[in-house]
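S.K.: Per the UniProt record's numbering, residue 1 is the first one in the sequence shown, and the count goes up by one each step. Pasting in a structure now, in structure tokens, and then I'll have a few things to ask.
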Amino acid sequence: MDPSKQETNQKKASKTMAEKETQEFQFVVYNTMTQQKEVFKPKTPGKVRMYVCGVTAYDFSHLGHARAAVSFDVLYRYLKYLGYEVTYVRNFTDVDDKIIRRANETGEDPISLSDRYCKEYNIDMSDLQCLSPTHEPRVSDHMEQIKDMITQIINKDFGYVVDGDVFFAVDKFPNYGKLSGQKLENNRAGERVAVDSRKRNPSDFALWKAAKPGEPSWDSPWGPGRPGWHIECSAMSAHYLSFKFDIHGGGLDLIFPHHENEIAQSCAACEESDVSYWMHNGHVTNNNEKMSKSLGNFFTIRQITERYHPLALRYFLINAHYRSPLNYSVVQLEGASDAVFYIYQTLKDCQDALLQLQEEMPNDGKPARISPDAKECISKLRNEFQVKMSDDLSTSLILTGAFLEALKLVNNLLTMLKKQQKQQRLLVIQSLKEVEKEVTKILDVLGLQLPCSYNEVLLQLKEKALTRAGLVEDDVIRLINERAEVRRNKDFLKSDQMRAHLQAKGIALMDVGTETIWRPCVPVQQESGIVPSEGQKVPPKPETAEECRS
């Protein structure tokens, strides 16, 4: 073949491969508006503007709130990882019927009560490793923006005033229902939609509610009152992000009527209003019924984190695809806790080994020489992470496969270190360091990397396991000593029974040489019995770090 043609063909092949790689790693998200996956392209190159509907703050937040927050925190982290400059807005509703009712029950000022629960929510978010949004606006601080938008809607003949109330006329907006596919007659009176014969159409919804005795109110051109639920997000998203932005997110239950009404309001106020991608997370269920405060079948975040480490809860939440239903399950939480312990025990053992061998590490600035196995592991880990995350944030597929293989390789390399002479160890040390670096990068994007030491996390996980078992560490040490005496007397049947008794409580005894240590485990009686929800993966039961190196 002509050398020039061969070179041309090679360039074509190289270009084709580069294009293929670029296509493989294009970030794709599911858009509720089009009901399909689409390549993510921000309106302004390099910048992303995102609004997520937050909580109505009148009580401690539940697991459903945690799922929404963690789902969009993963999105926020991944966008930043991809190099985007992200403006992330998540609101607080602090003016609402539910808040007023709760305040009347407790005798508190509604705004003060809501402020208290806004702060409690942020404590929960910090525990769950959710990054703080760029802005966290509250309704009570944005009355002027809300009134201005209502005025625009009225001036464009999409709103009308009745006795101090202002309603949105859905008949005036021909595209109503384009997000949800719902028909006008389905926007019937319900949880937050008042039954009111003064409406021109029963589907019309409140933009402004006239003041009632004993309720907080603000002056307006239509008389004192307070905003309806839907208008707040339209006004605050436009204030912080303009009428055109990239992502609007929230729970699946917000598609209709809340987000449908937001679209109508925003487009009525500004014809050019446009959100590129509507993203929604799935429900959390309890016995396959949606978990919610109104149904009384919910668990608060605090109730769960009293017994399980917040990292275990976060792992549990991202172990299902964010759009899939997620069934609350103690089995899954136990498995998540076990998986997090294995991850952190492996990383701690790696860190301890590298600290001990710090003097043997080169500091010449040259690229680290690593083993072929480590190279292959890192390449596979990076590739799998990029492919899965770029496919609509498939986090449930990341924590298995190459990720677990990387942890196993770390444990294998730690075993090799013990068997090698000093002059042979450099390759293993550098391989350990590079694999650990890649693992922690992934943990950081997933929000599973805590700022404290690995040892502190392991101690916290053990403390939670003791709480679930109804024990303190002195109880476990006492039983370990009693079992050691039983073993010295060669009563191995009783020794096994003692081990099984603790294992049933989620405490595993491990005989390492002449010493017995303990670690949390999945309680034996909870290893089966609940089927995970569709789209949710059972966390693999990992070998312990000690077992990997035995």
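Ideal Cβ positions, reconstructed from N, Cα and C, are used throughout, including at glycine. This one's a predicted model, so the numbers in the text were calculated from it and none came from an experiment.
(1) Inspect the beta-carbon positions of E436 and L347 and report whether they are closer than 9 Å.
(2) If I measure Cβ to Cβ from E434 and keep anything under 8 Å in the same chain, skipping five residues before and after, which residues do I get?
(3) In three-state DSSP terms, what is A169?
(4) If you check the beta carbons only, do H258 and C53 fall under 9 Å apart?
(5) Along the beta strand (DSSP E) that carries Y88, what are the first and last residues, could you check?
(6) Nearest by alpha-carbon distance to W278: which of M291, A264, G250 is it?
(7) If distances are taken between C-alpha atoms only, which option among S396, C521, V428, N411 comes closest to A341?
(8) Along the alpha helix (DSSP H) that carries A402, what are the first and last residues, could you check?
(9) Any idea if I123 is buried or exposed, counting beta-carbon neighbours within 10 angstroms, 16 or more meaning buried?
(10) Mark L459 as exposed unless 16 or more other C-beta atoms lie within 10 angstroms of its C-beta, in which case mark it buried.
(11) For E120, which option in D141, S140, D338, F92 has the closest C-alpha, if you only look at C-alpha atoms?
(12) Buried or exposed: which applies to V457, given that a residue is buried once 16 or more other Cβ atoms fall within 10 Å of its Cβ?
(13) Which whole-angstrom value is the C-beta distance of V166 and I146, which I expect to be below 8 Å?
(14) Using the Cα positions of E38 and P174, report the straight-line distance between them to the nearest angstrom.
(15) With a 10 Å radius around its C-beta and 16 neighbouring C-beta atoms as the bar for buried, classify M389 as buried or exposed.
(16) Applying the criterion that 16 or more other CB atoms from any shown protein chain within 10 Å of the CB defines a buried residue, is T56 buried or exposed?
(17) Starting from I442, trace the alpha helix (DSSP H) in both directions and tell me its first and last residue.
(18) Whole-angstrom Cβ separation of M291 and L63, contact assumed at under 8 Å?
(19) Restricting to Cα atoms, I'd like to know which of P133, I154, V95 is closest to Y117.
(20) Give me the Cα-Cα distance between V428 and L313, rounded to the nearest whole angstrom.
(21) In angstroms, rounded to a whole number, what distance separates the CA positions of M125 and N319?
(22) Once DSSP output is grouped into helix, strand and coil, what is the label at P174?
(23) Let me check understanding here. Comparing Cα to Cα, which of S220, D115, F158 lies closest to G164?
(24) So D157 and N201 are in contact, right, with Cβ under 8 Å, and what is the actual spacing, rounded?
(25) So which of D253, I263, E215 has the shortest CA-CA distance to S237?
(26) Leaving out the 5 sequence neighbours to the left and right, which residues in its chain are closer than 6 Å to R138 when beta-carbon positions are compared?
(27) Can you give me the Cβ contacts of L397 inside the same chain, cut-off strictly under 6 Å, excluding the 5 residues immediately before and after it?
(28) Going by alpha carbons, who is nearest to residue 596 out of Q430, E485, D196, H65?
(29) For the putative contact between D127 and T305, defined by C-beta atoms under 8 Å, what is the C-beta separation to the nearest angstrom?
(30) With a 10 Å radius around its C-beta and 16 neighbouring C-beta atoms as the bar for buried, classify H501 as buried or exposed.
(31) Closer than 8 Å is the cut-off here; do at least three beta carbon pairs connect the region 23–34 with the region 208–227?
(32) So, for H230: in the same chain, excluding its five sequence neighbours on each side, which residues have a beta-carbon less than 7 Å away from its beta-carbon?
(33) If you drop the 5 nearest sequence neighbours on each side, which residues of the same chain put their C-beta closer than 6 Å to that of Y81?
(34) At which residues does the beta strand (DSSP E) containing A206 begin and terminate?
(35) Could you spell out the range, first to last residue, of the alpha helix (DSSP H) harbouring A276?
(36) How many Å lie between C267 and F168 at the Cα?
M.R.: Per the coordinate set shown:
(1) Residue numbering aside, residue 436 sits at position 436 when the sequence shown is read from its first letter. Residue numbering aside, residue 347 sits at position 347 when the sequence shown is read from its first letter. Cβ atoms of E436 and L347: closer than 9 Å.
(2) Within the sequence shown, the letter at position 434 stands for residue 434. Cβ neighbours of E434 beyond the five flanking positions: A368, I370, A374, I378.
(3) Sequence index remark: in the sequence shown, residue 169 carries index 169 (1-based). Reduced to three states, the DSSP call for A169 is coil.
(4) Within the sequence shown, residue 258 is the residue found at index 258, counting from 1. Within the sequence shown, residue 53 is the residue found at index 53, counting from 1. Against a cut-off of 9 Å, the Cβ pair of C53 and H258 comes out as a contact.
(5) Within the sequence shown, numbered from 1, the residue matching residue 88 stands at position 88. Residues 85–90.
(6) Numbered from its first residue, the sequence shown carries residue 278 at position 278. If we check each option's Cα against that of W278, G250 comes out closest.
(7) Taking the sequence shown and counting its residues from 1, the one referred to as residue 341 is at position 341. The amino acid occupying residue 341 in the given sequence is Phe; Ala does not appear at that position. Closest by alpha carbon: C521.
(8) Translated into positions along the sequence shown, residue 402 becomes position 402. Note, A402: alpha helix (DSSP H), 402–419.
(9) Taking the sequence shown and counting its residues from 1, the one referred to as residue 123 is at position 123. Per the 10 Å Cβ criterion, exposed.
(10) Reading the sequence shown from its first residue, position 459 is the one you call residue 459. Exposed is the call here.
(11) On the sequence shown, position 120 is the one that residue 120 refers to. The option with the nearest alpha carbon to E120 is F92.
(12) Translated into positions along the sequence shown, residue 457 becomes position 457. It is buried - the Cβ of V457 has at least 16 other Cβ atoms within 10 Å.
(13) In the sequence shown, counting from the first residue as 1, residue 166 sits at position 166. In the sequence shown, counting from the first residue as 1, residue 146 sits at position 146. With 8 Å as the limit, V166 and I146 do not qualify as a contact, their Cβ atoms being about 11 Å apart.
(14) Residue mapping note: residue 38 aligns to position 38 of the sequence shown, counting from 1. Residue mapping note: residue 174 aligns to position 174 of the sequence shown, counting from 1. C-alpha separation (whole angstroms): 26 Å.
(15) By 1-based counting over the sequence shown, the position of residue 389 is 389. Counting Cβ neighbours within 10 Å, M389 comes out buried, since at least 16 surround it.
(16) Here residue 56 refers to the residue found at position 56 when the sequence shown is read from its first residue. Looking at its Cβ environment, which holds 16 or more other Cβ atoms inside 10 Å, T56 is buried.
(17) Along the sequence shown, one-based indexing puts residue 442 at 442. Its alpha helix (DSSP H) spans residues 426–446.
(18) Taking the first residue of the sequence shown as position 1, residue 291 is located at position 291. Taking the first residue of the sequence shown as position 1, residue 63 is located at position 63. That pair is a contact at about 6 Å.
(19) The residue given as residue 117 occupies position 117 in the sequence shown. Of the listed residues, the one whose Cα sits closest to Y117 is V95.
(20) Your numbering for residue 428 matches position 428 in the sequence shown. Your numbering for residue 313 matches position 313 in the sequence shown. Between V428 and L313, the C-alpha separation is close to 34 Å.
(21) Reading the sequence shown from its first residue, position 125 is the one you call residue 125. Reading the sequence shown from its first residue, position 319 is the one you call residue 319. Between M125 and N319, the C-alpha separation is close to 18 Å.
(22) Position 174 of the sequence shown, counted from the start, is the residue given in the question as residue 174. P174: coil per DSSP, three-state reduction.
(23) Along the sequence shown, read from residue 1 onward, the residue named residue 164 stands at position 164. When only C-alpha atoms are compared, the closest one is S220.
(24) Here residue 157 refers to the residue found at position 157 when the sequence shown is read from its first residue. Here residue 201 refers to the residue found at position 201 when the sequence shown is read from its first residue. That pair is no contact at about 14 Å.
(25) Within the sequence shown, residue 237 is the residue found at index 237, counting from 1. Here the closest residue by C-alpha is I263.
(26) Numbered from 1 along the sequence shown, position 138 holds the residue referred to as residue 138. The residues are F92, D94.
(27) Taking the sequence shown and counting its residues from 1, one reaches residue 397 at position 397. Result list for L397: K388, in chain order.
(28) Look at the range of the chain in this structure, 1 to 550, and you will see that residue 596 is not part of it.
(29) Indexing the sequence shown from 1 puts residue 127 at position 127. Indexing the sequence shown from 1 puts residue 305 at position 305. D127 to T305, Cβ: 6 Å. Contact.
(30) On the sequence shown, position 501 is the one that residue 501 refers to. Answer is exposed; the Cβ neighbour count stays below 16.
(31) no
(32) Residue 230 sits at position 230 when you count from the first residue of the sequence shown. For H230, where only same-chain residues beyond five positions count, the Cβ hits under 7 Å are F205, H258, N261, E262, Q265.
(33) On the sequence shown, position 81 is the one that residue 81 refers to. Taken in chain order, the residues that qualify are V445.
(34) Translated into positions along the sequence shown, residue 206 becomes position 206. Taken as a continuous stretch (DSSP letters only), the beta strand (DSSP E) holding A206 covers 205–210.
(35) As a first step, residue 276 is located in the sequence shown; it is residue number 276 there, counting from the start. Note that residue 276 is Ser in the sequence shown here, rather than Ala. From DSSP, S276 is part of no alpha helix (DSSP H) but of the beta strand (DSSP E) over 274–281.
(36) In the sequence shown, the residue the question calls residue 267 occupies position 267. In the sequence shown, the residue the question calls residue 168 occupies position 168. Cα to Cα, the separation comes out at about 12 Å.
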